[in-house]
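The structure appears below as structure tokens.
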Amino acid sequence: ALRFGLFLKCFTTRLWEKSGFLELYSWQRQRKAKQEFCLHDGPPYANGDPHVGHALNKILKDITNRFHMMRGYKVHYVPGWDCHGLPIELKALSEIKGAENLSPVEIRQKAKEFAERAIEKQKAAFIRWGIMADWANCYCTFDPKYEANQLRVFHKMYDKGFIYQDYKPVFWSPSAKTALAEAELEYNEQHVSRSVYMKFPLLKSPPKLASVIDGSSPTSVLVWTTQPWTVPANQAVCYMPDAEYSVVKCATTGEHLILAANRVESTAAVLDTQFEVISTCKGSEDLADGSCAHPTIPGRVSPLLPANHVTMAKGTGLVHTAPAHGMEDYSVASHHQLPTECLVDERGHFTEAAGPELKNKNVLEEGNEAVIKMLQAAGSLLKEEKYVHSYPYDWRTKKPMIIRASKQWFVNTANVKATAQEVLKKVKIIPTSAVSRMLEMLDRRTFWCISRQRCWGVPIPVFYQKDTGESLINSETITDIIKIVEQQGTDAWWTLPIEQLLSKEAVAKAGGHDVLDYVKGQDVLDIWFDSGTSWAHVLEGTEQRADVYLEGKDQLGGWFQSSLLTSVATRKKAPYKTLIVHGFTLGEKGEKMSKSIGNVVDPDVVINGGDDHTKDPPYGADVLRWWVAESNVFTEVLIGPVVLNAARDDINKLRNTLRFMLGNMAGFNPETDSIPPSEMYIVDQYMLHLLQDYGSKVTEAYKQYDYSKVVRLLQAFCSRNLSNFYFSIIKDRLYCEEEKDPKRRSCQTVLAEALDVVVRSFAPILPHLAEEVFQHLPYKKGKGVFRTGWINASSGWKKPGIEEAIEGACAMRDSFLGSISGKNPLEYEVIIVIEPGLLFELMEALQAEESSRVSQLNEIMMASQTTLLSEIPKETPADANIVTGNFLINLEGGDIREESSYKVIALPTAKAKCPRCRRYTADSSSTPCPRCLKVIAGKGST
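With positions in the sequence shown counted from 1, the corresponding number in the working numbering is that position plus 16.
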């Protein structure tokens with residue numbers, strides 16, 4: 017097995033050299049073509065080894081590109097890599113001792129080196145998988161020209177008012193010390209929070225409740241939260257305007273509590289008490305103008321405010337509102353001019369402003385505990401319990417997120433998404449089920465936080481006044497930075513002094529005095545903004561629009577969306593005409609791949625084999641590609657040993673079919689030896705008819721990006737039409753007729769055409785096997801399969817009427833073979849009886865004489881002799897097995913319909929077995945049959 021793996025590598029290398037495999041992309045870019053097909057490569061992240069997810073994606077793209085190239089398009093495909101961002105920075109720094117002492121320039125250098133190593137590793141794998149591209153000219157998001165184009169998009173969006181700076185709550189990763197966009201989150205469905213029921217003492221009764229609350233018992237509003245650490249930042253308690261609320265008396269304490277009417281019973285049960293309803297009122301009418309005392313901060317007042325985000329699914333129907341730690345909370349605060357004070361730093365720890373009891377404590381750990389104890393000490397805590405729910409985690413560090421107010425840069429997607437949604441409706445999306453999902457994701461997105469507090473990325477080109485913190489950014493400053501970045505890359509932001517980045521003229525124009533009064537901003541752009549502007553760098557022409565973007569379903573909220581938003585904001589059009597969305601890879605039992613389970617499939621091991629080749633055999637690249645093509649990629653795609661073994665077996669069956677055709681091409685030259693279709697056997701014409709139909713269906717399946725259908729059509733055609741039907745019929749003609757006999761040349765002509773059509777039909781999927789076949793053709797066929805075009809099935813091959821003759825004969829053959837139940841049909845003579853009519857006439861076209869051992873009909877019947885009659889002969893033995901059947905003739909699109917009955921009689925032959933052709937057509941077993949004698953005589957030998 018080890019030797020076979022080595023042979024496989026050497027064989028592939030030689031095949032590449034002979035066929036010009038690696039030069040194919042450059043060749044097709046240089047040829048003249050009327051149309052261009054552009055598939056824009058979504059850049060994979062440059063932070064790890066190639067995996068089966070990469071294989072699924074890259075191979076799907078390559079199948080698409082190769083099909084279009086063979087169809088005559090000039091394919092534009094530039095592979096790329098997403099190279100910036102926190103995950104690369106963290107991985108690069110994890111390899112270094114004392115990383116915390118590195119300067120930003122040193123961190124950037126280490127991160128770039130790490131990304132470059134990952135790119136080379138992934139690139140080598142992609143080449144080995146047979147991905148067609150100019151691998152010397154890829155794009156990377158850290159290329160200076162790419163970064164400059166990215167900043168040009170930023171500039172246009174800023175000029176149009178789509179990019180702005182604001183202080184508001186964003187998703188924050190304490191583990192990474194940076195803001196994140198929603199696309200960078202993953203949700204842990206089993207996260208456990210410490211939820212609390214707490215009371216906010218009523219300070220000022222709402223006027224309409226004053227008569228109900230007599231003051232004899234203390235009254236509080238009852239609030240539930242899963243994030244107690246946010247209570248110190250509370251500024252209000254919100255209620256649902258249209259909901260009903262109840263004033264209840266607690267049986268345990270005698271105090272009055274206010275909560276939603278439909279949450280009374282469930283809340284009393286949780287608190288293990290009973291509530292007596294004193295009064296019920298409507299939120300909008302009766303809770304307005306009330307206020308509460310903050311439960312832990314003396315003197316702070318929390319007003320009661322209406323808000324539409326309040327729900328009744330959980331809790332008490334009254335929501336604790338901390339504007340610094342919730343998007344809806346912030347909206348309420350903005351509307352009512354409440355402060356948005358954040359008491360949490362970038363590490364996720366309480367700041368000094370939170371007070372000595374909380375300072376420096378982690379809000380998700382000991383800080384949470386401290387707040388709960390403060391609530392308890394204040395007498396405000398009614399109950400604490402564990403609550404399991406879905407909670408956002410940082411997709412890279414796998415640690416919990418918080419929502420935290422900070423000064424960030426945003427894209428105002430609210431002003432873009434209406435146009436984006438309209439534009440998206442004109443994009444073809446495959447499968448169609450992905451359309452609504454992407455539209456919904458767009459609808460939910462009101463803003464996009466694009467600033468990150470790291471150094472490995474493209475800097476946001478902004479300067480800040482040292483004393484006031486006021487930002488300086490305009491067309492002049494951005495244009496100057498773009499010129500520098502295009503020449504020196506974004507390292508210049510960190511290496512050059514501010515005097516070389518910010519001009520005196522720009523400072524003066526902004527009303528400033530001295531360049532040195534300003535400092536450079538420290539934020540970099542979100543990597544989704546990096547990759548989302550790839551269209552501006554990679555796509556060519558004035559339109560800069562790709563025919564296809566093809567990625568996994570996670571990109572509906574990622575690259576597909578960021579590309580759409582940046583393109584619509586700057587140009588009011590999508591950067592793509594078609595989106596193709598594939599599923600994720602899973603283990604063959606439908607489970608996620610995990611090293612602990614041991615079901616991770618390494619594509620390198622699939623191709624070259626593992627350490628133990630008995631356990632992990634080398635399958636080669638084409639098995640990996642077949643797996644991709646045969647899978648329903650629009651759902652989850654399964655892979656494992658069973659799946660790979662089945663793929664290998666499928667390819668081996670295909671190889672056997674190809675081997676039969678190649679083996680019978682010896683001594684045949686299509687240019688000089690082909691027989692015109694009009695002079696062919698009818699069954700040969702029938703095969704050309706099927707070939708033409710197969711070619712049309714395969715082409716259509718490729719056009720619809722339905723590669724699993726291509727595989728199904730290929731397997732059905734090779735198995736049913738070629739191996740099981742045609743090959744079994746023509747073996748006698750191929751092996752026993754004189755070499756240059758027109759009858760033999762007729763089926764060789766068909767085999768040559770079938771071989772050409774079949775190989776071209778699977779070439780985009782199995783390029784190595786396709787080139788291997790072309791290397792073994794005994795006649796010249798251009799410069800390989802990919803340089804000589806797509807399937808060329810002549811429209812003249814299509815002859816609908818011919819189907820009735822052959823399929824009628826096949827129906828009778830099935831009746832004949834069924835009547836002899838598994839015995840050798842050559843040992844029998846068959847009599848076919850058909851009443852005069854259309855079916856009889858069709859059979860006469862296959863056999864003009866009454867009885868024949870060499871007719872086209874007899875070849876199909878596979879018998880010793882076939883007799884065609886219009887009535888049962890009188891001498892038929894009384895015990896003869898007569899099988900009756902019917903066949904419906906349907907011609908001219910249904911205009912001619914005639915059902916005919918037939919009878920089939922199988923009789924043992926009296927002839928001897930020919931020692932040459934092994935058919936029962938000889939007078940003696942020691943003497944060849946008349947046909948074979950004639951062939952032997954023609955060769956001048958006995």
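By construction, the Cβ of each residue, glycine as well, lies at the ideal position given by its N, Cα and C atoms. Note that the structure is predicted; figures quoted are calculated from it, not measured.
C-beta contact flag for residue i and residue j at 8 angstroms
| i | j | result |
| --- | --- | --- |
| Glu-52 | Lys-90 | yes |
| Ala-369 | Pro-185 | no |
| Ser-690 | Thr-601 | no |
| Leu-334 | Val-253 | yes |
| Gln-469 | Asp-570 | no |
| Glu-845 | Thr-925 | yes |
| Gly-64 | Ala-134 | yes |
| Phe-650 | Pro-447 | yes |
| Thr-673 | Ser-739 | yes |
| Ser-260 | Cys-297 | A quick correction: the sequence has Glu, not Ser, at residue 260. A contact, by the Cβ cut-off of 8 angstroms. |
| Trp-425 | Ile-476 | yes |
| Met-828 | Gly-711 | no |
| Lys-377 | Thr-367 | no |
| Ile-807 | Val-773 | yes |
| Tyr-155 | His-553 | yes |
Residue i - DSSP class collapsed to helix/strand/coil
| i | result |
| --- | --- |
| Met-677 | helix |
| Ala-17 | Below a pLDDT of 50, predicted positions are generally treated as unreliable, and Ala-17, at 47, falls in that range; the measurement from the model is reported next regardless. In this structure, Ala-17 counts as coil in the three-state DSSP scheme. |
| His-705 | helix |
| Pro-692 | coil |
| Glu-401 | strand |
| Asn-668 | helix |
| Ser-422 | strand |
| His-56 | strand |
| Gln-206 | strand |
| Ala-663 | helix |
| Gly-395 | coil |
| Ala-522 | helix |
| Ile-274 | strand |
| Glu-136 | helix |
| Thr-296 | strand |
| Val-658 | helix |
| Leu-782 | coil |
| Phe-187 | strand |
| Tyr-41 | helix |
| Arg-468 | strand |
| Val-326 | coil |
| Leu-595 | strand |
| Gln-560 | coil |
| Gly-229 | This sequence places Ile at residue 229; Gly is not what is there. Reduced to three states, the DSSP call for Ile-229 is coil. |
| Gly-69 | helix |
| Ser-35 | helix |
Closest residue to residue i among the options (Cα-Cα distance)
| i | options | result |
| --- | --- | --- |
| Ser-941 | Pro-931, Val-616, Arg-947, Leu-440 | Pro-931 |
| Lys-215 | Glu-823, Lys-399, Glu-281, Trp-32 | Lys-399 |
| Ile-79 | Cys-99, Gly-679, Lys-442, Ala-645 | Ala-645 |
| Ile-898 | Glu-260, Leu-855, His-351, Leu-833 | Leu-833 |
| Lys-814 | Ala-252, Arg-913, Met-173, Pro-693 | Pro-693 |
| Glu-200 | Leu-287, Val-789, Gly-101, Arg-760 | Gly-101 |
| Leu-40 | Leu-771, Gly-800, Ser-762, Pro-889 | Gly-800 |
| Asp-150 | Asp-182, Lys-172, Tyr-93 | Tyr-93 |
| Glu-652 | Glu-819, Val-554, Gly-603, Leu-455 | Gly-603 |
| Asn-680 | Phe-743, Lys-377, Gln-872 | Phe-743 |
| Lys-927 | Leu-904, Thr-943, Ser-550 | Thr-943 |
| Asn-615 | Val-535, Thr-630, Val-658 | Val-658 |
Continuous beta strand (DSSP E) stretch holding residue i: start and end
| i | result |
| --- | --- |
| Glu-438 | Where Glu-438 is concerned, there is no enclosing beta strand (DSSP E), although the alpha helix (DSSP H) it sits in stretches over 433-440. |
| Glu-857 | Run containing Glu-857: none in the beta strand (DSSP E); it sits in the alpha helix (DSSP H), 854-862. |
| Glu-865 | Careful: Glu-865 lies outside any beta strand (DSSP E) and carries neither H nor E. |
Where the alpha helix (DSSP H) through residue i begins and ends
| i | result |
| --- | --- |
| Ala-49 | That residue, Ala-49, is in no alpha helix (DSSP H); it is neither H nor E in DSSP. |
| Pro-816 | 816-835 |
Closer than 7 angstroms: residue i CB and nearest the ligand NAD heavy atom
| i | result |
| --- | --- |
| Leu-729 | Among the components modelled here there is no ligand, and therefore nothing to report on the ligand NAD. |
Next item on the list: Give a yes or no on contact between the region 225-242 and the region 263-277, applying the rule of three or more CB pairs nearer than 8 angstroms.
Entry: yes
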